[in-house]
Structure formats: C-alpha cells, structure tokens
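What follows is one structure encoded as structure tokens, with my remarks underneath.
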Amino acid sequence: MDNMRVVGRGLRFPEGPVAMSDGSIYVTEIEGGSVSRVDPHGKVTLVARLGGGPNGMAVGPDGALYVCNNGGLIFEQGDHGYRVIHGTPPTYTSGSIQRLDPKTGEFKVLYDRCGDFRLYAPNDIVFDKSGGFYFTDFGKTRARDRDIGSLHYALPDGSLITEIVHPIANPNGIGLSPDQQTLYVTETETARLWAYRILSPGVVEKLPAPSPNGGRLVCGLPGYQRLDSLAIDSSGNICVATLITGLVTVIAPSGEVLRKIKMPDHHTTNICFGGPDLRKAYVTQSTTGQLIEMDWPEPGLRLNYEI
4 MDNMRVVGRG
14 LRFPEGPVAM
24 SDGSIYVTEI
34 EGGSVSRVDP
44 HGKVTLVARL
54 GGGPNGMAVG
64 PDGALYVCNN
74 GGLIFEQGDH
84 GYRVIHGTPP
94 TYTSGSIQRL
104 DPKTGEFKVL
114 YDRCGDFRLY
124 APNDIVFDKS
134 GGFYFTDFGK
144 TRARDRDIGS
154 LHYALPDGSL
164 ITEIVHPIAN
174 PNGIGLSPDQ
184 QTLYVTETET
194 ARLWAYRILS
204 PGVVEKLPAP
214 SPNGGRLVCG
224 LPGYQRLDSL
234 AIDSSGNICV
244 ATLITGLVTV
254 IAPSGEVLRK
264 IKMPDHHTTN
274 ICFGGPDLRK
284 AYVTQSTTGQ
294 LIEMDWPEPG
304 LRLNYEI
C-alpha cells in the first residue's frame with residue numbers, strides 16, 4: 004500500500020501495539036525493557052520500565068495493560084537497526100505476565116509460572132469476553148537447545164493459570180475469531196497458522212494425531228518466512244505480521260491467502276487496528292524502530308476491552 008505513514012520513531016525494537024480511543028498507541032520496547040506511548044503527533048513518552056523483554060500486550064477488563072514479558076533477548080545494534088542474537092541474556096531468570104497501570108506506571112508480576120513449570124518467554128496475549136486471557140509461551144533458545152512452547156489461559160486477578168496446549172513449536176501470535184469460538188495461533192519457525200475450537204473459556208478441542216499440537220492447520224506459508232503476531236479484521240480474516248519477507252499476510256479462515264502487503268522492514272512484527280472506525284492499521288517495524296500507520300480496506304475487529 005502507498006498510504007504508509009511513520010507515526011513513531013526511535014523505538015527500541017517495538018512490538019505489542021495497543022490503539023487508544025484518543026488516537027495514541029501504546030507499544031512495548033523489547034530492547035528497552037519498557038512500555039511507551041506514541042501520541043497522534045509522534046511524540047514518544049515512557050510509561051514504565053518493566054525490565055526483561057516486554058513483548059505482546061493487551062487491555063484487560065479493568066483498563067490495565069497486561070504484558071507478556073519474555074524475560075529479555077540479546078540484541079546487536081548495527082547500521083540498519085536492532086538485530087536479535089541467538090541465545091539467552093545472562094540476566095534472564097524467567098518470563099512473566101505483568102499488569103501495568105497506564106495512568107500511574109505502576110506494575111507488578113501477575114504470573115511467572117504455571118503449576119510446576121515456570122513461564123519461559125510469554126509472547127502474545129488476547130482477552131476473551133468473559134474477562135480471561137489466552138497467551139503464548141514461545142520458549143527460550145540457548146546455545147545448544149530450545150524450549151518447547153505452550154499455550155495458556157489465565158484470569159487477570161492472579162487467581163488462575165492453566166496450560167491448555169503443550170507441546171507446540173514456538174507459538175507467537177494469538178487471536179480470537181469474531182464469534183469467540185476459534186482461537187488462532189501462529190508458529191514462528193514453521194510459518195504455520197493453527198486454529199483451536201473453544202469449548203468453554205480456557206478449554207479447547209484437541210485433535211488427534213497426525214496433528215502435532217492438537218490444532219487444525221489453517222495455512223502454511225512456503226519458502227523461508229516466519230510468522231509473528233496477528234490481528235483479526237471484522238470479516239474474520241487473520242492478518243499476520245510476517246518476518247523475513249517483511250509482509251502483513253492476510254489469511255482467510257479457509258486458509259486462502261487473500262493479500263500480501265509489503266512493509267519497509269523485514270522484521271515486521273505486530274499489527275493492531277485503531278481509529279474511530281477501526282480502519283487504521285498500526286504495524287511495528289522492529290529492526291528500524293518505527294511504528295507505521297496505514298489505511299486499511301476493511302475495519303478491524305473490535306477487541307473485547309479498550310482504553
């Protein structure tokens with residue numbers, strides 16, 4: 004599309020955009036360990052320094068921001084921006100889900116484990132209409148091995164967290180269909196989009212083998228592409244930020260690839276919808292540290308909770 008506008012600059016590996024009713028956008032900055040607010044004029048204001056690696060983010064029923072913190076990544080900064088380096092930083096202890104008050108900047112760790120297992124690297128999050136949230140745990144990569152990922156469901160008051168899918172390979176983006184009956188999840192390294200039928204809040208149907216993770220395969224992209232976060236439009240199409248090729252790939256629930264929107268940055272990581280009629284798309288460009296706004300041909304899906 005030729006209507007792209009840079010509305011935020013100088014961000015330190017931005018992800019997790021959340022559109023506000025006043026036209027501002029909250030973003031996480033993984034390299035900066037922080038959450039920032041980009042106002043409609045492009046001014047960037049620090050909201051809070053959370054530490055670790057703030058990643059995906061969503062508004063909960065109480066108006067707070069809920070942040071998937073991956074625990075931190077290793078970065079290299081070069082002439083073309085930030086690059087993630089293989090491995091885990093020495094400061095890493097675990098991942099977590101954090102609750103952030105956007106008005107005061109106060110935050111706390113809500114969850115850092117599920118039962119006997121710690122959270123390794125929570126990545127993306129979506130709230131359902133009952134007030135709970137689904138999130139992905141991507142897992143950490145070390146010198147010689149990597150974690151197996153999981154999907155979780157939790158309540159925002161800290162009273163319940165449960166694992167709903169394990170194993171799953173490096174799950175990243177997560178979203179709900181317009182009727183709230185289907186949970187969509189991307190796998191980064193396989194470039195596959197999976198769907199799970201929701202039986203009740205926090206309970207999904209799991210298909211038998213040969214499904215490797217109990218999900219229904221919606222779409223797999225060819226060649227060397229990696230899938231990051233996603234957003235759903237009002238028609239139920241899944242708009243996936245696509246790494247390496249630097250695209251937003253729009254996939255129908257049937258699995259058909261409807262559109263490919265070329266972005267300036269090969270590390271196109273997250274997308275959300277905003278504006279009065281939800282016809283603005285906001286896309287994070289993580290290598291170059293930019294937030295891009297563009298007109299979208301159809302409205303985005305209105306999320307269950309907003310600021």
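Using our numbering, the letters of the sequence shown map in sequence onto residues 4 to 310.
Even glycine gets a Cβ: it sits at the ideal position worked out from N, Cα and C.
A quick note: this is a predicted structure, and the numbers were derived from the prediction, not measured.
- Close CB contacts of P64 within its chain, under the 6 angstroms cut and outside five residues either way in sequence, are with G134 and Y308 (chain order).
- Per DSSP, the beta bridge partners of T271 are Q288.
- Across the set P279, Y29 and D127, the C-alpha of Y29 shows the shortest separation from the C-alpha of G66.
- Boundaries of the beta strand (DSSP E) around L49: V47 to R52.
- With 16 or more other CB atoms across the displayed protein chains lying within 10 angstroms of its CB, H270 is buried.
- In its chain, beyond the 5 residues on either side, N240, C242, L261 and R262 have a beta carbon closer than 6 angstroms to the beta carbon of V253.
- Look at W299 here: in three-state DSSP terms it is coil, with no helix or strand label.
- Its Cα nearest to that of L113, the residue S162 stands out among G59, G75 and S162.
- Counting other Cβ atoms within 10 Å of its Cβ, H83 stays below 16 and is therefore classed as exposed.
- Annotation note: the region 91-130 contains the following uninterrupted beta strand (DSSP E) runs of length 3 or greater, listed N- to C-terminal: 99-103, 110-114 and 125-130.
- Taking 8 angstroms as the cut-off, the Cβ atoms of V70 and F78 do not count as close.
- Here N6 is exposed, its C-beta having fewer than 16 other C-beta atoms within 10 Å.
- Here the C-alpha atom of T185 lies approximately 18 angstroms from the C-alpha atom of A61.
- For F120, the number of other beta carbons within 10 angstroms of its own is below 16, and it is reported as exposed.
- For the pair R305 and V129, the Cα-to-Cα distance works out to about 12 angstroms.
- The secondary-structure analysis by DSSP pairs D82 with nothing; it has no beta-bridge partner.
- Between the C-alpha atoms of D182 and Q80 there is a straight-line separation of about 42 angstroms.
- A direct Cα-to-Cα measurement between N73 and I310 gives close to 24 angstroms.
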